[in-house]
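For what it's worth, our numbering labels the leading residue of the sequence shown as 467, then goes sequentially.
Cβ atoms here follow ideal geometry from the backbone N, Cα and C, with glycine treated the same way.
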Amino acid sequence: MTVFQLLMLGASAFFAFKIYEHIQTLTEPQNEDTISQSNDERRINSFSPFSPEALMQKADVAYEEKDFKKALALLNEANAKEADNAEILFKIAYILQSSGDDDEAIKYYKQALELDKENEFIHNAMASIYRKNGEFTSAKMHLHASLAIDDENPITYYNFGNLLVDMQHNEEAIVMYEKAIEINPDFDEAKEELAKLK
Numbered sequence: 467m468t469v470f471q472l473l474m475l476g477a478s479a480f481f482a483f484k485i486y487e488h489i490q491t492l493t494e495p496q497n498e499d500t501i502s503q504s505n506d507e508r509r510i511n512s513f514s515p516f517s518p519e520a521l522m523q524k525a526d527v528a529y530e531e532k533d534f535k536k537a538l539a540l541l542n543e544a545n546a547k548e549a550d551n552a553e554i555l556f557k558i559a560y561i562l563q564s565s566g567d568d569d570e571a572i573k574y575y576k577q578a579l580e581l582d583k584e585n586e587f588i589h590n591a592m593a594s595i596y597r598k599n600g601e602f603t604s605a606k607m608h609l610h611a612s613l614a615i616d617d618e619n620p621i622t623y624y625n626f627g628n629l630l631v632d633m634q635h636n637e638e639a640i641v642m643y644e645k646a647i648e649i650n651p652d653f654d655e656a657k658e659e660l661a662k663l664k
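Encoded structure:
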């Protein structure tokens with residue numbers, strides 16, 4: 467698996483768990499007469515017959531088919547229906563990042579992080595953009611935050627190793643790659659990067 471696939475797998479598992487938690491807190495539907503919605507809520511909800519969760523699933527399919535524009539449109543619609551949903555914001559940011567719009571992606575990642583401060587995947591994604599833009603201090607801060615949340619994630623150590631190589635701290639990078647391989651002995655990308663430094 468590539469790093470991208472591992473990141474997507476981890477993010478999908480995390481968000482599937484969050485959906486499961488949400489479903490467990492749902493209550494019986496209320497009678498239509500007792501529900502009062504503002505005109506804005508009615509307008510947003512009449513946008514599409516699909517729930518935010520269904521829209522996210524459709525967006526995931528579109529993303530897998532490399533139809534980023536459709537995936538983004540579906541996620542924006544889900545965001546309009548359910549504002550302040552960290553999973554939706556994360557996915558919007560991820561698609562924007564995949565499309566090369568890092569500035570816009572960072573805005574959405576920051577919003578998602580405000581709602582879910584303990585999400586290691588958001589920290590990793592932000593660190594990736596900061597590293598790409600040469601903002602090494604910010605990247606390092608987010609990687610430390612990710613490790614504070616889960617110090618057994620090999621992707622974080624791999625990303626940290628890549629950052630340290632960019633910073634020309636090769637000895638520290640070796641330690642990070644070795645830790646990634648220790649956690650996941652089949653991590654081929656980490657092995658390749660480690661071999662370049664030895």
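Nearest CA to the CA of F516: which residue from V527, G566, D533 and L540? Ranking the options by Cα distance to F516, first place goes to L540.
Taking just the CA atoms, how far does F626 sit from E637? Taking the CA atoms as reference points, E637 sits about 12 Å from F626.
What first and last residue would you give for the alpha helix (DSSP H) that runs through A549? In the DSSP assignment, A549 falls outside any alpha helix (DSSP H) and carries neither an H nor an E.
I need the boundaries of the alpha helix (DSSP H) containing H635, first residue and last residue. Counting along the chain, H635 falls outside any alpha helix (DSSP H), and DSSP gives it neither H nor E.
Buried or exposed: which applies to K664, given that a residue is buried once 16 or more other Cβ atoms fall within 10 Å of its Cβ? Per the 10 Å Cβ criterion, exposed.
How many angstroms separate the CA atom of L660 from the CA atom of G566? Those two C-alpha atoms are separated by around 28 Å.
What are the boundary residues of the alpha helix (DSSP H) that includes N590? For N590, the uninterrupted alpha helix (DSSP H) run begins and ends at E586 to K598, by DSSP.
Which residues in the same chain as L609 place their Cβ atom closer than 8 Å to its Cβ, once the five residues preceding and following it in sequence are excluded? Sequence-distant partners of L609 (beyond 5 residues in either direction) whose C-beta falls short of 8 Å from its own C-beta, in its chain, are H589, N590, A593, T622, N625, F626 and L629.
What are the boundary residues of the alpha helix (DSSP H) that F653 is part of? F653 -> no alpha helix (DSSP H), and no H or E assigned at all.
For A661, which of helix, strand or coil comes out of DSSP? In the three-state reduction of the DSSP assignment, A661 falls in the helix class.
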